[in-house]
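This report refers to the structure that appears directly beneath it.
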Amino acid sequence: MNIVILAAGMGKRMQSALPKVLHLLAGKPLLSHVIDTARQLSPEKLCVIYGHGGEQVPQLLQAKDLVFAKQEPQLGTGHAVAQAVPHLDDNTPTLILYGDVPLTTAASLQRLLDIAGTDKLGILTVNMDDPTGYGRIVRDKGAIASIVEQKDANEAQRAIREVNTGIIVAPTKLMKKWLANLSNNNAQGEYYLTDIVASAVADGVAVVSAQPDHVWETSGVNSKVQLAELERMHQHNIANALLEQGVTLADPARIDIRGTLKCGRDVSIDVGCVFEGDVVLADGVQVDAYCVINNSTIGADAHIRPYSHFENAVVGAECIIGPYARLRPGTVLAEDVHIGNFVEVKNSEIAAHSKANHLTYIGDSTVGSRVNIGAGTITCNYDGVNKSRTIIEDDVFVGSATQLIAPIRVGKGATLGAGTTLTKDAPADKLTVARAKQITVENWQRPVKKPK
96 MNIVILAAGM GKRMQSALPK VLHLLAGKPL LSHVIDTARQ LSPEKLCVIY
146 GHGGEQVPQL LQAKDLVFAK QEPQLGTGHA VAQAVPHLDD NTPTLILYGD
196 VPLTTAASLQ RLLDIAGTDK LGILTVNMDD PTGYGRIVRD KGAIASIVEQ
246 KDANEAQRAI REVNTGIIVA PTKLMKKWLA NLSNNNAQGE YYLTDIVASA
296 VADGVAVVSA QPDHVWETSG VNSKVQLAEL ERMHQHNIAN ALLEQGVTLA
346 DPARIDIRGT LKCGRDVSID VGCVFEGDVV LADGVQVDAY CVINNSTIGA
396 DAHIRPYSHF ENAVVGAECI IGPYARLRPG TVLAEDVHIG NFVEVKNSEI
446 AAHSKANHLT YIGDSTVGSR VNIGAGTITC NYDGVNKSRT IIEDDVFVGS
496 ATQLIAPIRV GKGATLGAGT TLTKDAPADK LTVARAKQIT VENWQRPVKK
546 PK
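The numbering of the sequence shown is the numbering used here, which starts it at 96 and goes up by one.
Take a look at the structure:
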């Protein structure tokens, strides 16, 4: 099929310079949600109609399977679809979607496609308790005869509860003819896509309908209020799916997933956690409150304590991380590694059973097994221009408040005395201490404040 996504609207009520369809839902532009759903249907042509905001939409979302057509000026939905006409294959149906309606499922769209086939005009409709603002589905002896917009509807038509969602599938060759014959003789002075229904009826083409699994699938975004409402609905749906999979959520209303979260068995997630990008939590992982985990993998039975922040990190099984730990890109931890409070790790590999429990920075380092890194230790990996690597071999003990000035190597089994500033490699199995000699100055007097 062909799929056309209408994404040219200004979105005045968003009160933003950003095109409406580029505002984020669950960390991803509204339009990206619609494109991802469209791709599940394997269209032969996928055309996005853009307009307001200039080239921001095609620049941000360019991909090999997308073609873009510009609508300028914006003269209504019918006019928008007409801009896609040169890109559409006459021999397959065309499905019309909307860039500000992000939660429609592929299953509901497939239901519409199946009922319309290749020769009928199909409309996705919903029944609403309060249909105000929506185009009404007008039927004659059960068959759809037309769609009347709110501003053009009479009193009897406004009482109709079945409404048009705007999502339509049509035989492409006929749709092109119907679009060419549209009129803007209406209250808005626009070319309505919905007017093709009357054209289809006049041509003897059957007009059929399907309904989505949930009304929220057809909810659009016209304001920040509606965006926030859809965000909560989307997060609610994700949370429910996790609960059905057996994940324990301390409060399903207080979790945010802005990407994909894959969980094993017996995973527990406390309140306020944010998961971004692609995150994997293996069996038995416990994530405490207010953690932010971005594009990371957490091994089985790991415990992530509160307020920890991960980005592009790999954490091994049975690790204990945090609270207030930060794992930056390139961090790879083997099993049973302890990274404690106010410890930062960047672009470093730490082997099994090693510990850095307090107030430490480990950057551009390779750390062996069973290493203990004392509080206040810093790998000095950056000289202002270049970054160099620190290598700490197995079974090393690093005393507190140590500075390791890279490039440097600490041999297996070495001990570094507290307060050491290491500028040369430390030999294996020996104690290395490098600090200023302690002196006491006799008869020294502390300065006193001078009178004004």
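All C-beta atoms, glycine included, are put in the ideal place defined by N, C-alpha and C.
Asked: What residue range does the alpha helix (DSSP H) around Ser127 cover?; Found: 125–135
Asked: Per DSSP, Gln381 forms a beta bridge with which residues?; Found: Ser363, His398
Asked: Can you give the Cα-Cα distance for Thr313 and Glu250, rounded to whole angstroms?; Found: 25 Å
Asked: What residue range does the beta strand (DSSP E) around Ile218 cover?; Found: 216–222
Asked: List, from N- to C-terminal side, the beta strand (DSSP E) runs of 3 residues or more that fit wholly inside the region 452–536.; Found: 456–458, 460–462, 473–475, 485–487, 498–500, 503–505
Asked: How about Asp564 and Gly508: are their beta carbons less than 8 Å apart?; Found: No information on residue 564 is available, as it lies outside the stretch 96 to 547 that the chain covers here.
Asked: Output the distance between the C-alpha atoms of Ile388 and Val374, rounded to the nearest integer angstrom.; Found: 7 Å
Asked: Spatial neighbours of Asn276 within its chain, please: CB distance less than 8 Å, with the 5 preceding and 5 following residues excluded, ordered by chain position.; Found: Ser294
Asked: Tell me, please, which residues DSSP counts as bridged to Val99.; Found: Cys142, Ile191
Asked: Going by DSSP, what residue range makes up the alpha helix (DSSP H) through Asn259?; Found: Premise fails: Asn259 lies in the beta strand (DSSP E), 257–266, not in any alpha helix (DSSP H).
Asked: Within this structure, are the beta carbons of Val99 and Ala158 separated by less than 8 Å?; Found: no
Asked: Count the C-beta pairs between the region 260–270 and the region 188–198 that are closer than 8 Å, then say yes if the count reaches three, no if not.; Found: yes
Asked: Is Arg530 near Thr516, with beta carbons less than 8 Å apart?; Found: yes
Asked: Among Asn442, Pro124, Gly458, which has the Cα closest to the Cα of Gly56?; Found: No statement about residue 56 is possible, as the shown extent of the chain runs from 96 to 547 and does not include it.
Asked: Can you tell me whether DSSP reads Arg541 as helix, strand or coil?; Found: coil
Asked: For the alpha helix (DSSP H) containing Gly173, list its first residue and its last residue.; Found: 172–177
Asked: Taking the alpha helix (DSSP H) that His404 belongs to, which residues open and close that run?; Found: Here His404 belongs to no alpha helix (DSSP H); instead the beta strand (DSSP E) covers 404–406.
Asked: I believe Gly148 touches Pro114 by the beta-carbon criterion, under 8 Å. Please report the beta-carbon distance rounded to the nearest angstrom.; Found: 3 Å
Asked: Going by C-alpha to C-alpha distance, which of Arg353, Val369, Val409, Tyr385 sits closest to Ala377?; Found: Val409
Asked: May I ask you to report which of helix, strand or coil DSSP gives Ser294?; Found: helix
Asked: Buried or exposed: which applies to Met109, given that a residue is buried once 16 or more other Cβ atoms fall within 10 Å of its Cβ?; Found: buried
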